[in-house]
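Last residue of the sequence shown? That's 880 in my numbering, and every number before it is there in order.
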Amino acid sequence: MAENPISPTIPLDQDGVFHGFLRLPYSRDDSAWGSVMIPLTVIQNGPGKTALLTGANHGDEYEGPVALQELAFLTKAEEVRGRLIILPYFNAPAFRAGTRTSPIDRGNLNRAFPGRPDGTVTEKIADYVQRSLLPLADVAVDFHSGGKTLDFVPFAAAHLLEDAATQEACFAAMTAFNAPYSVQLSEIDSVGMYDTAVEQMGKVLVTTELGGGGTSTARSNAIAKKGLRNVLIHFGILEGELQVEPSVPLTMPGEDCYLFSEGDGLFEIMIDLGEAVEAGDLVARIWPADRTGVAPQELRAKRGGLLISRHFPGLIKSGDCVAVIGVPGLPAES
Ligand SMILES: [Zn+2]
547 MAENPISPTI PLDQDGVFHG FLRLPYSRDD SAWGSVMIPL TVIQNGPGKT
597 ALLTGANHGD EYEGPVALQE LAFLTKAEEV RGRLIILPYF NAPAFRAGTR
647 TSPIDRGNLN RAFPGRPDGT VTEKIADYVQ RSLLPLADVA VDFHSGGKTL
697 DFVPFAAAHL LEDAATQEAC FAAMTAFNAP YSVQLSEIDS VGMYDTAVEQ
747 MGKVLVTTEL GGGGTSTARS NAIAKKGLRN VLIHFGILEG ELQVEPSVPL
797 TMPGEDCYLF SEGDGLFEIM IDLGEAVEAG DLVARIWPAD RTGVAPQELR
847 AKRGGLLISR HFPGLIKSGD CVAVIGVPGL PAES
């Protein structure tokens, strides 16, 4: 396979604190020999485990970037055992544009794995991480939120996997993250996801959905920072005591957890995030955008549980995800 054109401007394997970039050559109208510069910090101190820490995999999700900027700025080499590889702006062009996908190629980085060394900008970023950074890592923490179009109750998540040992290690790391909710996920669309790339390499993945709406809050940023620190302590990379509070376990067992819009219009949510619903309860209504005197479309829960995600903007389109219901408790043993 072709060599990837990305080069780090700092060493990846020397003791100390290094702030630099992954430089990706990108020739274009406003910069003939220009580059995409992806900020990178590497902090290493002797032997130990390596954590690969990523934010802004989607460019409009902000808790990860905030927590990772602070970690990169404050952490001293002597506080670390092993290595931190920190990419606060994983899809840097998308982050700079404030959009979910890249403005250069419309690439959704979390559907671009394993990537291509000779592909688009987004595919090149995926290929570099797949072949050059992930092999160095023991654990990957990848921060997500709802972005501009969804909002979530704050949760960390781990996937059901074929490999029992990897699954157990992922669930232990999710538990260490200790978000207010802990979700066991089986993805409906896992092809091309970074998560799948990490897990197929037998590495531990912690992923999150910490909020949304295209911003972060004091509370969601505090959850990100505490969870990150807890995971790094769990792997022996940072020293300290785990901060542990109660976390509600949730599963999303099937298609009936998801509600999708079948019309356009004015969005009215009828219950708020974290509230309980029964099957048949009204979750949202969609009013016509162009007239009065017409009944709204009603969206009712297909099963009981808690509202864990909702459409965020005030307008909605046909096909948009309206709401997700999570089911409290651990899954029944099968
Ligand atoms: Zn995301």
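Here a beta-carbon is modelled for each residue, glycine too, at the ideal position from N, C-alpha and C.
Looking at ligand 1, does it come within less than 7 Å of residue i, judged from the CB to the closest heavy atom?
i	result
H690	yes
H604	yes
E733	no
G601	no
N724	no
N654	no
E801	no
E814	no
G693	yes
E607	yes
Thinking C-alpha only, which one of the options is nearest residue i?
i	options	result
F659	K848, V737 and G644	V737
T555	L570, L617, T647 and F619	L570
L568	D561, R574, A578 and P557	P557
G594	G800, H857, F781 and G809	F781
I854	E844, D866 and G872	G872
A548	G580, P663, D561 and S581	P663
T666	T761, T763 and V582	V582
P585	I631, H705, N550 and D741	I631
K863	T587, L805, P700 and G628	L805
Q676	L707, L598, P726 and D709	L598
G759	R856, Q615, V744 and D836	R856
F858	R849, S807 and P874	S807
L852	I817, E844 and V868	I817
A830	V868, D741, Q730 and V777	V868
Given residue i, which residues of its chain have a CB within under 7 Å of its CB, disregarding the five upstream and five downstream residues?
i	result
L876	P795
A643	G605 and P649
Please work out which residues of its chain come closer than 6 Å, Cβ to Cβ, to residue i, disregarding the five sequence neighbours upstream and downstream, and give them in chain order.
i	result
T721	none
V833	Reading off the sequence, residue 833 comes out as Trp, not Val. G811, L812 and P842.
F641	A602, G605 and Y635
A613	A770, K771 and L774
T621	I589
D697	G758, G759, R856 and F858
N654	T647
When we look at the beta-carbon of residue i and count the other beta-carbons within 10 Å, is it buried (16 or more) or exposed?
i	result
S728	buried
S762	buried
E785	exposed
G800	exposed
V790	exposed
R574	exposed
E879	In this predicted model, E879 has a pLDDT of only 42, less than 50, meaning its place in the structure is not dependable; the value taken from the coordinates is given anyway. The residue is exposed, with fewer than 16 neighbouring Cβ atoms inside 10 Å.
T838	exposed
F723	buried
R652	exposed
A672	buried
V840	exposed
P792	exposed
F619	exposed
D688	buried
G661	buried
G865	exposed
Can you list, in chain order, the residues of its chain with a C-beta nearer than 8 Å to that of residue i? Leave out the 5 residues immediately preceding and following it.
i	result
G826	R846 and A847
P681	M747
L623	Here the sequence assigns Ala to residue 623, which means Leu is not the residue at that position. Counting only Cβ-Cβ distances below 8 Å, and skipping sequence neighbours, we find D561, G562, V563, I589, Q590 and N591.
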